[in-house]
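Asker: Numbering (the working numbering), first residue to last: 7 to 232.
Just so you know, even glycine gets a beta-carbon here, dropped at the ideal spot from N, CA and C.
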Amino acid sequence: MNTIDNRDSIMNIVLLGSPGVGKGTYADFLSKKYKIPKISSGDLFHKAIRNQTELGKKVQDYVSSGELVPDEIVIKLVKERLGKDDCEDGFFLDGFPRTINQAEALDKFMKIDKVLDFVASESEIISRLSGRRTCKKCGAIFHVRNKPPKIDGVCDYCGGELYQRTDETQETIRNRLRVYHEITKPLIDYYRRKGLLAEIDANYQFPEIGRVISQCDEALSDIGNL
Ligand SMILES: [Zn+2]
């Protein structure tokens with residue numbers, strides 16, 4: 007039996023999930039619980055750019071010209087990061103791989119033990135994202151359902167006007183989800199064929215995060231016991 011305090015196996019975990027599914031929140035939670043780092047490709051980009059490493063400068067060139075950072079560079083960054091000491095017992099990898107090409111590259115230098123795929127219904131995701139309201143003045147974020155401001159359309163903190171970001175309208179969200187599923191479907195099939203995929207029902211909101219985490223615990227409990 008693999009308990010958290012008595013974990014005898016390495017946990018190399020990939021996290022998948024569409025925009026608005028709450029993956030980042032779950033990743034932070036799992037990282038604390040299992041005491042292994044969360045590695046996010048977005049953070050790796052930012053850090054490399056900030057530190058102006060050789061790879062960072064290349065990343066910056068692509069990002070500032072609005073181009074996609076090529077696989078070759080992303081893979082190098084991830085490989086470098088996963089090779090560090092704090093990943094010895096495992097990691098939760100967020101935002102990578104995004105394509106089969108990247109997944110195959112990852113398989114060449116790292117054994118992946120499990121892939122957690124966070125899934126929520128389209129209507130749930132639309133309700134989460136399209137309900138967001140951002141303050142024009144201070145940037146505070148409210149939610150019409152989950153965190154409504156005291157006065158409709160007005161920021162609790164600074165009195166600024168609340169607005170809906172253009173990438174958070176129903177139409178754009180539907181479009182973002184469609185693109186996400188198109189790109190990710192082959193990747194999900196790839197991990198399913200390998201028997202690594204665990205689907206996690208993420209249709210629960212914040213106070214019920216435990217219901218999501220317990221599914222993750224269940225999925226992670228058989229690692230090393232196969
Ligand atoms: Zn405000």
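Which runs of the alpha helix (DSSP H) spanning at least 4 residues fall entirely within the stretch 32-116, listed in chain order?
Answerer: 47-57, 60-70, 77-88, 106-115
Asker: Does the Cβ of residue 146 lie closer than 7 Å to at least one heavy atom of ligand 1?
Answerer: yes
Asker: Ligand 1 and residue 163: does any heavy atom of the ligand fall closer than 7 Å to the residue's C-beta?
Answerer: Correct: residue 163 has its Cβ closer than 7 Å to ligand 1.
Asker: Just to check my reading of the structure: residue 81 and residue 54 have Cβ atoms closer than 8 Å, yes? What is that Cβ distance to the nearest angstrom?
Answerer: Not really, about 13 Å apart at Cβ, beyond 8 Å.
Asker: Which class does residue 159 belong to by DSSP, given the choice of helix, strand or coil?
Answerer: Judged by DSSP in its simplified three-state form, residue 159 adopts coil rather than helix or strand.
Asker: Where does residue 202 fall in DSSP's three states?
Answerer: Looking at residue 202 - three-state DSSP - the assignment turns out to be coil, as it is neither helix nor strand.
Asker: State buried or exposed for residue 65, treating a residue as buried only when at least 16 other CB atoms are found within 10 Å of its CB.
Answerer: buried
Asker: Suppose you measure from the CA of residue 61 to the CA of residue 151; what does that come to, to the nearest Å?
Answerer: 42 Å
Asker: Kindly list the residues whose CB is nearer than 7 Å to the CB of residue 232, restricted to its own chain and excluding five residues on each side of it in sequence; keep chain order.
Answerer: For residue 232, the predicted structure reports a pLDDT of 49, less than 50, and the residue's modelled location is therefore unreliable. A value from the coordinates is still provided. Excluding positions up to five away in sequence, the list is empty.
Asker: With the cut-off set at 8 Å, would you say residue 15 and residue 229 are in Cβ contact?
Answerer: yes
Asker: Over what stretch of residues does the beta strand (DSSP E) that includes residue 138 continue unbroken?
Answerer: 138-141
Asker: Hey, how far is the Cα of residue 197 from the Cα of residue 121?
Answerer: 7 Å
Asker: Which residues mark the beginning and the end of the beta strand (DSSP E) in which residue 23 is found?
Answerer: 17-23
Asker: To the nearest angstrom, how far is it from the Cα of residue 219 to the Cα of residue 79?
Answerer: In a straight line, the C-alpha of residue 219 is about 32 Å away from that of residue 79.
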